[in-house]
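Going down the list, the protein sequences come from chains A and B. Heads up: the first sequence at position 668 corresponds to 668 in the working numbering, and the numbers run straight through without jumps. Heads up: the second sequence at position 141 corresponds to 1141 in the working numbering, and the numbers run straight through without jumps.
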Amino acid sequence: MTATPDTAQDFTALFPDEVVTQTLVQDVALPQGQGTMALITLDNGFDHTKPNTFGPQTLTALGEVVDGLRQRAEAGEITAVGITGKPFIFAVGADLKGVGAVRSHEQAKAISHLGHQVFSSISDLPVPSFAFVNGAAMGGGVEIGLACTYRTISSSVPAIALPECFLGLVPGWGGCWLLPNLVGVQKAVKVIIENPLAQNTMLKGPQAFELGMYDAMFDGADFLVESIRWAASVLAGETTVERTPVDRDEQSWDGVLAMAKKGVDMRTGGYAPAPYRAIELLRAARTVSRDEGFAAEDDALADLMMGDELRAGLYAFDLVQRRAKRPAGEPDKALARPVTKVGIVGAGLMASQLALLFLRRLECPVVMTDLDQGRVDKGVGYVHAEIDKLVAKGRLRQDKANRYKAMMTGSTSKEQMADAEFVIEAVFEELDVKKKVFAEVEAVVGPECVLATNTSSLSITDMAADLEHPERVVGFHFFNPVAVMPLLEIIKGDKTDDATLATAFAVGKKLGKTRVLVKDSPSFIVNRLLGRFMSDMARIVDAGTPVPVADQGFAGVAPMPPFVLMALVGPAIALHNNETLARAFPDRFYVSENLRKVVEAGKPGFYTFDERGRQLVDPEVEALFETPENPEVLTPEQVREKVLSGLAEEAALMLREGVVAAPMDLDLAMITGAGFQFWNGGLTPLLDRSGVSEKVTGSRFLPEGVASVPR
Amino acid sequence: MPRTLHEVVFVDGVRTPFGKAGDKGMYAQTRADDLVIACIRELLRRNPDLPPERIGEVAVAATTQIGDQGLTLGRLASLLSGIPNTTPGYSIDRMCAGALTAVTTAAGSIAFGAIDVAIAGGVEHMGRHPMGEGTDPNPRIIAEKLVDPSALVMGSTAENLHDRYPTLTKERSDRFAVASQRKLAQAYERGDVQPDLVPVATRNAEKGWGLATVDEPPRPGVTMDDLATLRTPFRPHGRVTAGNSAGLNDGATACLLASQEAATELGLPVKMRLVNFAFVGVEPEVMGYGPVPAAEKALAQAGLTIDDIGIFELNEAFAVQVLSFLEHFGIPDDDPRVNPYGGAIAIGHPLASSGVRLMTQLAREFEQQPDVRYGMTAMCIGIGMGAAVIWENPHHKDYEESK
């Protein structure tokens, strides 16, 4: 061990609450007279809901065990070493809880180095080592397997991944060197870069086996026994492990990485350092030695650990993993009333999408109403067609499809929803229309039926004002496409009671949504913040900065450039949102006359494509624009500064107004509702670390160290 | 329509290594159903010519059918073993003769023509499910003196047998027990036991995963002197000790049965042919005597005599109970035809699983002794019953497949 005792002590101080994963060892008699295998079980003593992880104490103890096994191997007592996990879990990688407390590059590097040292000691055993991956394996859990001579995997493993780039790290305990040298750079790119950046996609056991990450696959039922038998037959020379040779041609290797870089550029705009470091490591892996590769991984890990992007990533991960499950302001769950039937007023596309979501998640009867039978039929027909599509894709069984179709009805009469406990409206976005709808629904439903509105901008309190039971009205704001976007803003009106709110939260949970409680306020969270930056962007463009330049300024913040996003949202909706906000906050929000012209001209967006498929500003849109007399042309950096400043001002105001409980809710909403990035922690960590918060509002949103490196 | 009966053959049998029941036993933290699933999957692996969808029934015995031995174990074990859901299954209970009854019941279905391939076996995790767990004996048993209260305590029934047959002394029981241990150790040494053992991955939260590859209960090298010192837990100055009885154990067994026609069609090996079987009741307080009338009945039905039987696989619940059988039929205590690989005193007796262990051993003994034409597996059963099954050796020169 080269980690000095001092550093080891530091670790314990850094990770005082480490849940230590024990390294248990039992001797196993190998079949075919192949001697004794020392079988390591990684087990933290909890069930599968608390997976095995590697923290400093765990690694140190594992290293000591491996050292003991090396001595036993040298003494001829054992012929092989096996490593497996506890039931359903192999190991899910580094314990990242302590990373927030790492304050120096030296500490960071020591942690990286410790992992390498321990895993390498497995590779360097004088007897063959076997990883028997019986359950989920991620990060270091995959890497400890890569360190072994051979690997088997259970066909029932639900998740194999190197998710480091998703969080802001690189696989730095051997993954970036070992994986490309095992399966080639193309497949390594998929596992190390592409999957993490594609919403952290994980591989199932058979897929990981297909990729060549594992040498043999066995059924879950007797996975360990069959793995041990296989190991014995490998030792006996009866089974020869065949691996596809790695193509080491420099041109194709670097070509793969050049493509990978383009993909990363597209997704991150160059603002997320981790995948770029991974690409560098993968490039070097073709020629450098293991030790050189590992040393480079140490450097990369330490650099990234001391970067704000990782800290923000971990903060964001914690938000979506923890805060999302215990939403701030959720009333006592026991107050929630059961929902066994749902009514949906309206049968348009939004209503139909909602119907499908409620059907699949709540599995209860859903009735959709509209004024016109033709629209009702169209809405129900849409739901039926979507169900058929799911069956065709093999994602839904026919029996379930029949069940859902039977539960989906439509009517022109609201009488059909008389026995519903939850009615949501998705009609035209106009207060009077919605008030009329709720009055009609109230006339037929029971007194406790929740009336939810999918309004994106209207006041819940106003909508409830003239009802007999205004306490039953709640805002239930989804994001498009409803089935995909995780966020659900739940809006409490002045009179909304706790039972209604609790029911809304319970329904939202069953729908699988990330629920954030919002005060009844103009455009709520996401549309208000998006509205603010679109408003500021429009102001900048109207003042003379070209659209592509303005877009560049926002790279790496939103999932796509703002004016590209415009085409997705629809210019008309963007304009409507801006008008609403400008009415509410005329001093800050701006309605672009140029945007109005684009809408009036019926243009679907600002960009078009030339004959070679390159994106350019639509000349017809350009022609519509009024050019200012003294154009003010900003650089992308100036655009960024300006727009971030606007967002900082707006976010601070929202917190002051009590729109949400805390900055964390703003970030959670922007991540899950607008696709804002993990490496920015959503929004406020980005505002803090770029200095904008303090410049604009005089203070940070989050204390130092929460989503940044403590200075 | 004239009915055709079908010959039933024993194709293959396996078992888990047997463990000691209790917290320190190797299966303490391993599920009972996983033990029997390990056996079923091993049968499928060892017989790749058998398409799993051809299995017509999965019959699994357990005495205590609750917890991980409950939920219609035969059906669930089948599903969990990866057998297609078109194969049905059921659970069976006849105390110690559970697996034996699973075999005869499935064999009855095969002979009748209702199915042509079956898996039969049993499991008992006595650590997780001590004998009598959750039972509620009817108070009339005592009020109306229907059954001697000692009938519910198996060790007491063994003491009762000593009373009934005074020539069956503790000394003879101990001597038989020592021989059982010795014969098992020799069988292990020859490698006669290992081929039919299924290794089992054993989970233990404190020790990690291990692999069970050999039986845990045997005490090779135990002596008469060792046994003389043991206490007699069922009565003071009694004769029944932990040394001359089977212990409390965890384990599972399974075997593959088929009609002769199906075995031929699928190219499955025939290790034994079922000749006849019988279950007979006796006084519950001397349940250990049950195999005697059962054997007589089965022999009579088969038109055979005790002299036709070349190998006996008798379950050693208690030494005295085997001795009562041998004495009745005039067979010496140390007759080499009896339990050639040793018996339950050494190997262990996870109640409902043991019947198939006897058969699996007999099948291997048949292969080793082609001159033996007939063999018998027999066992005593709690609440006063006995079971005997007669098998024919297909390796014998006079064996006729078409018969």
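In this text, a Cβ means the ideal position worked out from N, Cα and C, and glycines have one as well.
| query | result |
| --- | --- |
| Sequence-distant residues of its chain with Cβ nearer than 7 Å to aspartate 712 of chain A (five each side left out) | Residue 712 of chain A lies beyond the range of chain A shown here (1 to 711); nothing can be said about it. |
| Histidine 48 of chain A classed as buried or exposed, judged by whether at least 16 other C-beta atoms fall within 10 angstroms | exposed |
| Any non-hydrogen atom of the ligand NAP closer than 8 Å to asparagine 630 of chain A Cβ | Ligands displayed in this structure: none; no statement on the ligand NAP is therefore possible. |
| Residues in the region 1071-1085 of chain B having any Cβ partner in chain A nearer than 9 Å | Leu1080, Ser1081 and Gly1082 |
| Of the residues B:Lys1397, B:Arg1003, B:Asp1148 and B:Met1154, the one placed nearest valine 1240 of chain B, counting alpha carbons only | B:Met1154 |
| Among A:Ala147, A:Lys434, A:Ser645 and A:Arg515, the one whose alpha carbon lies nearest that of isoleucine 344 of chain A | A:Lys434 |
| Residues that valine 1200 of chain B contacts on chain A, provided the C-beta gap is smaller than 9 Å | Asp222 and Val225 |
| Residue burial classification, alanine 1228 of chain B (beta-carbon count within 10 angstroms, cutoff 16) | exposed |
| Which listed residue (A:Met654, A:Gln22 and A:Ala582) has its alpha carbon closest to that of phenylalanine 743 of chain A | Because residue 743 of chain A is not part of the residues shown, which for chain A are 1 to 711, the question remains open. |
| Residues from the region 1207-1235 of chain B in contact with chain A, defined by Cβ distance under 7 Å | Lys1207, Gly1208, Trp1209, Gly1210, Leu1211 and Thr1213 |
| Contact set for valine 1338 of chain B: own chain, Cβ-Cβ below 6 Å, skip 5 residues either direction | Phe1312 |
| Where the alpha helix (DSSP H) through cysteine 165 of chain A begins and ends | 164-167 |
| N- and C-terminal bounds of the beta strand (DSSP E) containing tyrosine 1374 of chain B | 1374-1381 |
| Asparagine 1393 of chain B, DSSP secondary structure in three states | coil |
| Bridge partner(s) assigned by DSSP for tyrosine 1090 of chain B | B:Ala1059 |
| Against chain B: residues of the region 23-36 of chain A by CB proximity under 9 Å | Thr23, Leu24, Val25, Gln26, Asp27, Val28, Ala29, Leu30 and Pro31 |
| Residue from A:Thr268, A:Phe294 and A:Gln186 with nearest C-alpha to glycine 255 of chain A | A:Gln186 |
| Reference alanine 1252 of chain B; option with closest CA among B:Ala1158, B:Lys1024 and B:Leu1073 | B:Leu1073 |
| Cutoff 9 Å: leucine 39 of chain A Cβ touching any chain D Cβ | Of the chains in the structure shown, none is chain D; the protein chains are A and B. |
| As assigned by DSSP and simplified to three states, the class of methionine 408 of chain A | strand |
| Spatial neighbours of aspartate 372 of chain A in its chain, beta-carbon cut-off 8 Å, leaving aside the 5 residues before and after | Thr412 |
| Which residues DSSP lists as bridging leucine 1256 of chain B, in chain order | B:Asp1012 and B:Ile1119 |
| is_contact[lysine 1403 of chain B, chain A] using C-beta, thresh 9 Å | With a pLDDT of 48 at lysine 1403 of chain B, under the threshold of 50, the modelled position of that residue is not reliable, and no figure is offered here. |
| Chain B residues whose Cβ lies nearer than 9 Å to that of isoleucine 228 of chain A | Pro1199, Ala1201 and Leu1211 |
| Inter-residue spacing [alpha-carbon to alpha-carbon] between proline 965 of chain B and valine 288 of chain A | The question about residue 965 of chain B has no answer here: the residues shown for chain B are numbered 1001 through 1403. |
| For valine 437 of chain A and valine 367 of chain A, the rounded distance between their alpha carbons | 15 Å |
| Residues that alanine 1038 of chain B contacts on chain A, provided the C-beta gap is smaller than 9 Å | Ala221, Asp222 and Val225 |
| Alpha carbon of leucine 1256 of chain B to alpha carbon of phenylalanine 88 of chain A, nearest angstrom | 31 Å |
| Proximal residues to glycine 1288 of chain B (C-beta, below 7 Å), its chain only, five neighbours per side dropped | Thr1157, Ala1158, Leu1161, Ala1317, Phe1318, Val1320, Gln1321, Ser1324 and Cys1380 |
| CA nearest to the CA of valine 474 of chain A, picked from A:Asp494, A:Glu468, A:Arg311 and A:Ala483 | A:Asp494 |
| Residue burial classification, isoleucine 1390 of chain B (beta-carbon count within 10 angstroms, cutoff 16) | buried |
| Beta carbon proximity, alanine 1205 of chain B to chain A, threshold 9 Å | yes |
| CB contact flag (valine 225 of chain A, valine 1200 of chain B, <9 Å) | yes |
| Alanine 420 of chain A vs valine 507 of chain A beta-carbon contact at 9 Å | no |
| Alpha carbon of phenylalanine 554 of chain A to alpha carbon of arginine 640 of chain A, nearest angstrom | 6 Å |
| Alpha helix (DSSP H) runs wholly inside the region 277-319 of chain A, at least 4 long, in chain order | 290-305 and 308-318 |
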